[in-house]
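Note sheet for the following structure.
There are 2 protein chains.
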Amino acid sequence: MTGDAMDTILAQWARERPDLDCAPMGVIGRISQLQREVFLAQRATFARHDLDAPSFDVLAALRRAGAPYQLTPTALMRTALVTSGAITQRLDRLEERGLITRGRSESDGRAVVVTLTDAGRAALDAALPDHLETEHGMLTGLTAAEQAQLADLLRRFLVSLGRTPPEA
Amino acid sequence: MTGDAMDTILAQWARERPDLDCAPMGVIGRISQLQREVFLAQRATFARHDLDAPSFDVLAALRRAGAPYQLTPTALMRTALVTSGAITQRLDRLEERGLITRGRSESDGRAVVVTLTDAGRAALDAALPDHLETEHGMLTGLTAAEQAQLADLLRRFLVSLGRTPPEA
DNA sequence: CACCACTACCTCAGCGGTGAGCTACCCCGG
DNA sequence: CCGGGGTAGCTCACCGCTGAGGTAGTGGTG
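Those protein sequences? They're chains A and B, same order as listed.
Using UniProt numbering, you'd call the opening residue of the first sequence number 1 and step up by one each time.
Using UniProt numbering, you'd call the opening residue of the second sequence number 1 and step up by one each time.
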């Protein structure tokens with residue numbers, strides 16, 4: 001019977017507050033813990049490519065968008081789920097390193113067009129396989145069926161929270 | 001066919017980099033997204049009780065430990081998974097508000113003993129049911145069977161990462 | 001019993017994010 | 001064609017955490 005840290009916590013609550021049903025923690029607490037493991041593993045991977053998670057996040061969004069690899073800060077803000085101030089900061093760092101460029105939009109005087117440079121695309125394409133290998137490696141403890149089942153349950157969970165994607 | 005944000009991202013990668021197997025993102029990306037939803041929901045709950053997540057985390061650890069509700073900063077550091085500096089800061093805030101007290105250990109001159117005050121215990125016991133209700137509410141979109149299955153898969157995942165609890 | 005590797009806790013500079021607020025610009029209605 | 005609500009992006013003060021480093025105390029060893 002190998003338990004995890006959450007089993008310990010649940011046992012403590014069962015002893016101290018037997019009147020409360022702490023079962024939800026079994027799901028939610030574990031998600032928080034796993035996210036931390038994911039974060040640490042990814043950070044180590046990104047560091048090998050002179051990147052950090054926020055930078056990778058932006059570069060990947062631009063790369064995913066396809067040629068000509070352009071998005072506005074607002075679009076980046078929506079996919080990254082951070083505030084506009086955070087995106088400004090990220091773009092400052094990436095522009096400084098020559099991985100992206102900022103230009104004003106021709107059709108909308110307020111908008112900025114962020115473009116992935118060749119160097120930026122090269123940096124992302126170099127890091128991406130390693131990143132995927134890291135994620136793949138983390139999942140090797142689960143069977144393919146378990147992985148699929150887990151992905152499915154997590155999607156159901158997200159959808160049930162009303163987090164539908166922002167229209168194609 | 002309701003998809004989530006991750007389905008959109010996976011479709012983009014499939015178009016731009018059909019040579020790569022991005023399936024692992026289906027699990028890991030969703031965990032990150034869910035953690036963010038959890039964080040936001042919990043923050044709103046804690047705010048209703050004049051608390052924030054780091055404070056609740058410490059108070060809950062002390063409460064869980066059982067009477068006399070005492071732990072060292074090192075023990076708190078291990079359960080909270082943050083650095084010692086972060087714990088020092090958290091304890092400063094909680095001590096300021098009279099929710100915990102700090103005293104020196106009698107048996108070990110280096111150690112500090114953190115004790116939950118009556119006010120601290122009252123604050124936690126007031127927030128805890130609301131906190132559980134929030135978590136319960138987030139999960140209502142999944143059936144009881146799905147919740148159990150999800151908790152089980154997440155535990156397997158954590159255990160497979162070698163994150164066994166730090167010995168009773 | 002003096003030494004020393006180890007542990008507990010605190011300090012502090014730096015980092016990335018938030019949230020409020022600003023300016024510039026868009027565009028609809030009167 | 002002008003006014004005004006809405007949007008895009010940036011600025012800035014603040015916040016919590018990290019990671020490196022410092023001090024004090026512990027306990028085994030020769």
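The beta carbon of each residue, even a glycine, is placed where N, CA and C say it ideally should be.
Here the structure is a predicted model, which means the values were calculated and not measured.
Quick check: residue 88/B and residue 73/B, are their CB atoms within less than 8 Å of each other? yes
With a threshold of 16 other CB atoms inside 10 Å of the CB of residue 96/A, please say whether the residue is buried or exposed. exposed
Distance CB(residue 28/A)-CB(residue 135/B) smaller than 8 Å: yes
7 Å CB neighbourhood of residue 45/B in its chain, flanking five on each side removed: Excluding sequence neighbours, residue 45/B sits near 130, 131 and 134.
For residue 177/B and residue 20/A, I'd like the C-alpha separation in whole angstroms. In the structure as shown, chain B starts at 1 and stops at 168, and residue 177/B therefore has no counterpart that could be examined.
Could you check what DSSP says for residue 188/B in three-state terms: helix, strand or coil? Outside the displayed span of chain B (1 to 168) sits residue 188/B, for which this structure offers no information.
Leaving out the 5 sequence neighbours to the left and right, which residues in its chain are closer than 8 Å to residue 53/B when beta-carbon positions are compared? 39, 42, 43 and 46
Less than 7 Å between C-beta atoms, sequence neighbours within five positions excluded: which residues of the same chain meet that for residue 124/A? Around residue 124/A: 59, 60 and 63.
How many Å lie between residue 168/B and residue 8/B at the Cα? Bear in mind that the predicted position of residue 168/B carries a pLDDT of just 34, short of 50, making it unreliable; the figure below should be weighed with that in mind. Taking the straight line joining both Cα atoms gives about 43 Å.
Would you mind working out which of 26/A, 140/A and 35/A sits nearest residue 155/B, comparing C-alpha positions? 26/A
For a contact meaning CB atoms closer than 7 Å, what does residue 9/A contact in chain B? Near residue 9/A (Cβ distances below 7 Å), the residues of chain B are 64.
What are the boundary residues of the alpha helix (DSSP H) that residue 98/A is part of? Careful: residue 98/A lies outside any alpha helix (DSSP H) and carries neither H nor E.
Kindly indicate if chain A contains any beta-carbon less than 8 Å away from that of residue 87/B. no
Taking the C-alpha atoms as reference points, what is the distance between residue 166/B and residue 159/B? A caution first: residue 166/B carries a pLDDT of 46, below 50, which makes its placement in the model unreliable, though a value can still be read off. Residue 166/B and residue 159/B: Cα-Cα distance of roughly 12 Å.
Taking only beta-carbon positions, decide if residue 120/B is within less than 8 Å of chain A. At a cut-off of 8 Å between C-beta atoms, residue 120/B does not count as an interface residue with respect to chain A.
What does residue 114/B reach in chain A if we use C-beta pairs closer than 9 Å? Chain A residues near residue 114/B: none, gap ~16 Å exceeds 9 Å.
In this structure, how does DSSP classify residue 104/B when only helix, strand and coil are distinguished? Residue state, collapsed to three classes: strand.
Examine chain A for any beta-carbon lying closer than 8 Å to the beta-carbon of residue 32/B, and answer yes or no. yes
Would you please state the rounded distance, in angstroms, between the beta carbons of residue 99/A and residue 119/A? I believe it to be under 8 Å. 6 Å
Among all the DSSP beta bridges, which residues are the ones paired with residue 20/A? Residue pairing by DSSP places residue 20/A opposite no residue, since no beta bridge is assigned to it.
Taking only runs that begin and end inside the stretch 15-60 of chain B, name each unbroken beta strand (DSSP E) of 3 or more residues, in chain order. none
What residues in its chain sit with their C-beta under 6 Å from that of residue 77/A, if we drop five residues either side in the sequence? 84 and 87
Comparing the C-beta of residue 72/B with each C-beta of chain A, is any distance below 8 Å? no
Could you give the distance in angstroms between the alpha-carbon of residue 48/B and the alpha-carbon of residue 128/B? 12 Å
So which of 23/A, 65/A, 2/A and 31/A has the shortest CA-CA distance to residue 17/B? 65/A
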